[in-house]
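Take a look at the structure set out below.
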Amino acid sequence: MEAYRISSNTFCSFFVFFGLLFLFMSTMPITNAKVHYHDFVVQATPVKRLCKTHSTITVNGMYPGPTLEVNNGDTLVVNVVNRARYNVTIHWHGVRQIRTGWSDGPEFVTQCPIRPGGSYTYRFTIQGQEGTLWWHAHSSWLRATVYGALIIHPKEGDSYPFPKPKREAALLLGEWWNADPIDVVRQATRTGAAPNVSDAYTINGQPGDLYNCSSTDTIIVPVDSGETNLLRVVNSALNQQLFFKVANHKLTVVGADASYVKPFTTSVLMLGPGQTTDVLITADQPPARYYIAARAYASAQGAPFDNTTTTAILEYKSAPCPAKGATIKPVMPTMPAFNDTATATSFTTSFRSPRQVPVPTNIDHNLFFTVGLGLNNCPPGASRSSCQGPNGTRFTASMNNVSFVLPSNFSLLQAHQQGIPGVFTRDFPANPPVKFDYTGNVSRALWQPVPGTKLYPLKYGETVQVVLQGTSIFTAENHPIHLHGYDFYIIAEGFGNFNPSTDTAKFNLVILLYEIQQVSCWWMDSDQICC
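If you use mature numbering (1 follows the signal peptide of the UniProt record, and there is no 0), the sequence shown corresponds to residues -33 to -1, 1 to 498, in order.
Spelled out as structure tokens, the structure:
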């Protein structure tokens, strides 16, 4: 399979609540360019959705938060003031943090959280990235409403590697809970059960016409007949992979996660949480109103999910006006079935680099990571209310049988740089401690992982190959994997158990390859926090 390079998200066939850290040691120079200053005030704001008004945590009173626009090479300086009642940090999702690991943002990884009444300033430079990224809270489930787009234009004087679009629009797909998202995750943590699913999906914060009390605020994307526009689609949802379509229109994919790709045309996108896709769309249909729609891709058998559909409207300016007192319903796309793995896989395996990529061939570390969702037995004497997972257990997740535990007094980067003992260990296993049939029925003895704050140490300049193997320890589900601070090469992906000697082209996994070029503690996660 042809290798291609893409940013720090990739689709993988598993669902996980875990994190792993890579410890990188050395230095690397950077340069600065134009500097953009922003102030973020995190605060509670009244937001009305689905007929109810909620006290919602926002940035600058906006849901979603402000869109930041820069050029490749520019520097961002963002001062965050926390006026909410929760701790908070901000993560700049997909940004290569070159010697700016302190600005990456995951709570207790690269920084301690910003406490209520406190502030923190993030400073970092965009280097070698163009396209669409986003920013979001990286503390508990604040990301449900604290997020916004980060748009990176080419350097001044440069142009896109495709015809310049007439106009651009960022479309952020999200999830909405009628309950406080922090209460939702705290209940799941307290009971050991799965968290409640969302009550709606959103596009730019609005559920759309198919939900109660929502049609008057449905997002409108205006177009002129014949013009080609650029849609920057971001899956800002907390948990859910999403299909995305525009009725009767083809989409030409030109970028993903702030990397250009070899263009390909499709009628449907599938984005995991945290992923972005840039597409060109030509207004070549009869003037009318067409729904832009997103709904869940959820192939795990028996797992609950929000089975609703969010909509916006692509509106031709020359569309005929309805008669007085009448309405013209927009054209609705035919969406894939929620478990249409063939469509999802066809899309995710279509990405290629625009040109041939030189892939490193001298590998210093070969890592094999099994990932999966398991169950913890409740300790003797535990209350029934705290063990509401299957058969009186608690849901947990692991990588190589380690369920990651965040520290609570120091960030991992601080502990590393200041030599603070007792915060973490450097013994994360390079391979699973027990080999088994990863995609078959698994012995219950393998369901319970070991908790730990374990890091895998790497040195500057080393090349790492990682095999990510999905498992069916308790159940299987899909979710992307995100490596903070880095891009990587995708060498192969597929279904089934990995066999390095006989089956290197067919995996239920993704093989990643990357070079250590930055100094920090870097978090590899599934874009979710579950203590």
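Yeah, the Cβ is synthetic: ideal placement off N, Cα and C, and Gly gets one too.
In three-state DSSP terms, what is residue i?
| i | result |
| --- | --- |
| residue 475 | Per-residue confidence for residue 475 stands at a pLDDT of 48, beneath the threshold of 50, marking its modelled position as unreliable; the derived number appears in the next sentence. Looking at residue 475 - three-state DSSP - the assignment turns out to be coil, as it is neither helix nor strand. |
| residue 102 | strand |
| residue 182 | helix |
| residue 275 | coil |
| residue 151 | helix |
| residue 17 | coil |
| residue 68 | helix |
| residue 322 | coil |
| residue 158 | helix |
| residue 86 | strand |
| residue 126 | coil |
| residue 225 | coil |
| residue 393 | coil |
| residue -24 | A caution first: residue -24 carries a pLDDT of 41, below 50, which makes its placement in the model too unreliable to give a value. |
| residue 205 | coil |
| residue 350 | coil |
| residue 238 | strand |
| residue 304 | coil |
| residue 111 | helix |
| residue 267 | coil |
| residue 450 | strand |
| residue 412 | helix |
Is it buried or exposed, residue i, if we count other Cβ atoms within 10 angstroms and call 16 or more buried?
| i | result |
| --- | --- |
| residue 325 | exposed |
| residue 107 | buried |
| residue 301 | exposed |
| residue 268 | exposed |
| residue 361 | buried |
| residue 474 | Reliability fails at residue 474, whose pLDDT of 41 lies under 50, so the model's placement of it is uncertain and the value that follows must be treated cautiously. The residue is buried, with at least 16 neighbouring Cβ atoms inside 10 Å. |
| residue 72 | buried |
| residue 170 | buried |
| residue 505 | Nothing can be reported for residue 505: it is not among the residues displayed for the chain, which extend from -33 to 498. |
| residue 323 | exposed |
| residue 386 | exposed |
| residue 4 | exposed |
| residue 95 | exposed |
| residue -10 | Because residue -10 sits at a pLDDT of 43, beneath the cut-off of 50, its placement in the model cannot be relied upon, and the following sentence gives the value as read from the coordinates. Its Cβ being crowded by 16 or more others within 10 Å, residue -10 is buried. |
| residue 31 | buried |
| residue 401 | exposed |
| residue 172 | buried |
| residue 349 | exposed |
| residue 16 | buried |
| residue 9 | buried |
| residue 354 | buried |
| residue 410 | exposed |
| residue 2 | exposed |
How is the alpha helix (DSSP H) around residue i delimited, first residue to last?
| i | result |
| --- | --- |
| residue 310 | 308 to 315 |
| residue 383 | 379 to 385 |
Is the separation between the beta-carbon of residue i and that of residue j shorter than 9 Å?
| i | j | result |
| --- | --- | --- |
| residue 200 | residue 177 | no |
| residue 446 | residue 58 | no |
| residue 431 | residue 330 | yes |
| residue 263 | residue 210 | yes |
| residue 254 | residue 297 | no |
| residue 506 | residue 160 | Absent from the structure is residue 506, since the part of the chain shown begins at -33 and ends at 498. |
| residue 75 | residue 388 | no |
| residue 457 | residue 413 | no |
| residue 317 | residue 191 | no |
| residue 212 | residue 259 | yes |
| residue 165 | residue 142 | yes |
| residue 454 | residue 421 | no |
| residue 47 | residue 88 | yes |
| residue 513 | residue 44 | Any answer about residue 513 is impossible in this case: the structure gives the chain only from -33 up to 498. |
| residue 366 | residue 391 | no |
| residue 97 | residue 222 | yes |
| residue 90 | residue 231 | no |
| residue 202 | residue 233 | no |
Can you tell me where the beta strand (DSSP E) with residue i in it begins and where it stops?
| i | result |
| --- | --- |
| residue 341 | 332 to 344 |
| residue 208 | 208 to 213 |
| residue 195 | 195 to 202 |
| residue 366 | 360 to 366 |
| residue 34 | Here residue 34 belongs to no beta strand (DSSP E), and DSSP marks it neither H nor E. |
| residue 289 | Premise fails: residue 289 is in no beta strand (DSSP E) and is neither H nor E. |
| residue 245 | 243 to 249 |
| residue 370 | 369 to 371 |
| residue 426 | 422 to 426 |
Looking at C-beta atoms only, is the number of pairs between the segment 133 to 140 and the segment 109 to 116 that lie closer than 8 Å three or more? Short answer: they touch.
Three or more C-beta pairs below 8 Å linking the segment 118 to 131 and the segment 75 to 90: No: fewer than three Cβ pairs fall under 8 Å.
Decide yes or no for the touch test of the segment 332 to 341 against the segment 32 to 44: beta carbon pairs closer than 8 Å, at least 3 of them. Cβ pair count under 8 Å is below three, so no.
Three or more beta-carbon pairs under 8 Å between the segment 400 to 412 and the segment 300 to 319, yes or no? Touching, no.
Would you be able to state if there are at least three C-beta pairs under 8 Å between the segment 220 to 227 and the segment 182 to 190? These segments do not touch.
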